[in-house]
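Encoded as structure tokens, the structure appears first; notes follow it.
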Amino acid sequence: MADEFSLKAPKGTFDTLPPEGEALLQVRTSMAEGIARAGYAYIETPVLEDTAVFVRGVGESTDVVSKEMYSFTTKGGDDVTLRPEGTAAVMRAVLEHSLHKGALPVKLWYSGSFFRYERPQAGRYRHFSQVGAEAIGSDDPALDAELIATAMDVFTTLGLTRVKLLLNCLGDHNDRPAYRAALASYLDGLDLDAPTRERAKVNPLRVLDDKRPEVQEQLAGVPLVTDYLSADNRAHYDTVRELLSRCGVQWEESPKLVRGLDYYTRTAFEFVHDGLGAQSAVGGGGRYDGLSASLGGPDLPAVGWALGVDRTMLALRAEGVRLVGARTLDVFVVPLGESVATAAFELVTLLRRAGVRADMAVDGRGAKGAMKAANRSAAPLAIVMGDRDVAAGEVQLKDMATGDQTAVPRESILSAVLAALDELDGPTPRRPVGGSA
Ligand code: AMP
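So this note's numbering is basically just the index in the sequence shown, starting at one, shifted up by 201.
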């Protein structure tokens, strides 16, 4: 029968296949470990939220809410949206469960899938993956600085050297009105098309973000928010920068950086990489002191970021960084014939329970086919076992790089494998099932 399979992943989405999948997991793990180290605890919220969470939280005038949401009405009549970002949902959860009434700040991190109905292009997808972090309930600039420093350290740990930090302070309800008025009157005098004028009317700050050269040229003399900051906000921003300097984090002042979501106040930042073309941000964030109130909660200052897992993968590729340790298997077990398949199965289970990544040849392959499978698996070790070995109470442990093979008594195979792996990798903690290493 002809092969008629023609299904594809939806437009703007993609599959991550092995071995890239291992690298992706490592990126996520590095981000998670980096932020957990700073005292952030893991939170998981649904992929679906009440549409109002984003409309109220992110802001109706934003592209995200006005154009990019996957929103629908359920059979029961609820208006829900596939989350386009994490912050509003985390704030909803904090307020719903009164976490803000306990010890402050509430420091949380999350990881997962996000959805935006965008025009797909390199680095911009309709389904993407983020790791995010939020510190809620304090306006201490140390939190802004800690989040920024932690993210920069994650990129460094991953081996990236070309991530640049762009930094700005957007002011808040005290200084924003005067700035907004100055900006709006400047924009009035420019030659802008009708949609841009419309955007300027809803939120003039958004025009600063316009990437088109004909717009950017006209913005050469635009009033800058940093010239309108109140003394308090200036002091806050100064402290953030002082703390970053103290821990050796470098940045570039970016007075036109506004970010795409309405809830940002005061510190705003983006991590950009020069190897990604137009979609250069590998992460971004800032302070969102007004978000809680816009969701109907109390005034609750907060700061956070989201790092793009997919774009970080692209940045690693652009810099030619291969993540080390992205090995799927430690040992491949080769039963030489059906008669030893059960013994091989027992052995592979024993190894897995001891925390070793082990696999075996299946489908009753002959010796040649099974050895080929071992080679393909890229495991550094193979255990070859035939009738005679099993009868003699031993197996052959093979170093796949050198081809050296040693007979090992069956009862000491686990310690022999662990010793061989330690020699390869250095002492590595393994997590056995049901006990400590
Ligand atoms: P944002 O919430 O828009 O600031 O997004 C934070 C980070 O998520 C960005 O810096 C990107 O790295 C990543 N990101 C946002 N939107 C997309 C998308 N459509 N495709 C891939 N990555 C994205």
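Heads up, the beta-carbon is just placed ideally off N, CA and C, and yes, glycines get one too.
Span of the beta strand (DSSP E) around residue i
| i | result |
| --- | --- |
| Ile-337 | 328–337 |
| Arg-467 | 466–474 |
| Ser-455 | Neither: Ser-455 is in no beta strand (DSSP E) and is coded neither H nor E. |
| Gln-606 | 606–610 |
| Asp-560 | 559–561 |
| Asp-280 | 280–283 |
| Arg-293 | That residue, Arg-293, is in no beta strand (DSSP E); its alpha helix (DSSP H) goes 288–297. |
For residue j and residue i, the rounded distance between their alpha carbons
| i | j | result |
| --- | --- | --- |
| Asn-375 | Gly-491 | 12 angstroms |
| Val-618 | Leu-515 | 35 angstroms |
| Arg-611 | Arg-363 | 50 angstroms |
| Leu-537 | Arg-631 | 28 angstroms |
| Val-510 | Gly-324 | 10 angstroms |
| Asp-623 | Asn-404 | 59 angstroms |
| Ala-210 | Tyr-464 | 33 angstroms |
| Met-572 | Gly-313 | 38 angstroms |
| Ser-578 | Leu-530 | 7 angstroms |
| Arg-407 | Asp-475 | 23 angstroms |
| Gly-505 | Ala-382 | 28 angstroms |
| Ala-224 | Gly-390 | 50 angstroms |
| Ser-637 | Arg-553 | Unreliable positioning characterises Ser-637 in this predicted model, as indicated by a pLDDT of 49, which lies under 50. A coordinate reading is not provided. |
| Val-609 | Met-586 | 11 angstroms |
| Ala-289 | Pro-424 | 30 angstroms |
| Glu-205 | Asp-216 | 20 angstroms |
| Asp-605 | Leu-218 | 32 angstroms |
| Thr-351 | Gly-521 | 23 angstroms |
| Ser-147 | Thr-607 | Shown here, the chain extends from 202 to 638; a query on residue 147 therefore has no answer. |
| Pro-220 | Ala-620 | 26 angstroms |
| Gly-635 | Val-557 | 14 angstroms |
| Ser-446 | Leu-226 | 31 angstroms |
Opening and closing residue of the alpha helix (DSSP H) in which residue i lies
| i | result |
| --- | --- |
| Asn-434 | 432–447 |
| Val-266 | 264–268 |
| Gly-570 | 568–578 |
| Met-601 | First-last for Met-601: undefined, no H or E at that position. |
| Met-396 | According to the sequence shown, residue 396 is Pro rather than Met. Segment 395–403, the alpha helix (DSSP H) holding Pro-396. |
| Ala-224 | 221–237 |
| Tyr-318 | Here Tyr-318 belongs to no alpha helix (DSSP H), and DSSP marks it neither H nor E. |
| Arg-512 | 510–519 |
| Tyr-380 | 377–389 |
| Met-342 | Residue identity differs from the one stated: residue 342 is Pro in this sequence, not Met. Residues 342–358. |
Chain C contact for residue i (CB, 8 angstroms cutoff)
| i | result |
| --- | --- |
| Gly-521 | Absent from the structure: chain C. Only one protein chain is present. |
Test item: CB-CB of residue i and residue j under 8 angstroms
| i | j | result |
| --- | --- | --- |
| Leu-367 | Ser-455 | yes |
| Leu-393 | Ala-401 | yes |
| Ser-584 | Leu-548 | Reading the sequence as shown, one finds Ile at residue 584 and not Ser. Cβ distance < 8 angstroms, so Ile-584 and Leu-548 count as in contact. |
| Leu-582 | Lys-599 | yes |
| Gly-260 | Leu-458 | no |
| Gly-213 | Tyr-326 | yes |
| Ser-493 | Leu-296 | yes |
| Ile-337 | His-301 | yes |
| Gly-485 | Thr-358 | no |
| Tyr-380 | Phe-316 | no |
| Thr-513 | Val-228 | yes |
| Pro-342 | Leu-444 | yes |
| Glu-335 | Ala-482 | no |
| Leu-305 | Ala-242 | no |
| Lys-649 | Glu-453 | No information on residue 649 is available, as it lies outside the stretch 202 to 638 that the chain covers here. |
| Met-292 | Gly-240 | no |
| Met-601 | Ala-580 | yes |
Integer-rounded CB distance, given that residue j should sit under 8 angstroms from residue i
| i | j | result |
| --- | --- | --- |
| Arg-284 | Val-248 | 6 angstroms |
| Val-281 | Leu-371 | No, Val-281 and Leu-371 are not in contact; Cβ-Cβ is about 30 angstroms, not under 8 angstroms. |
| Ala-545 | Val-532 | The pair is not a contact, with the Cβ atoms about 11 angstroms apart (cut-off 8 angstroms). |
| Ala-555 | Pro-628 | Wrong, their Cβ atoms sit about 15 angstroms apart, outside the cutoff. |
| Leu-496 | Val-332 | The pair is not a contact, with the Cβ atoms about 23 angstroms apart (cut-off 8 angstroms). |
| Glu-269 | Tyr-318 | 5 angstroms |
| Ala-559 | Val-441 | Actually they are not in contact, since the Cβ atoms of Ala-559 and Val-441 sit about 49 angstroms apart, beyond 8 angstroms. |
| Thr-468 | Gly-449 | At roughly 19 angstroms, the Cβ-Cβ gap does not stay under 8 angstroms, so Thr-468 and Gly-449 are not in contact. |
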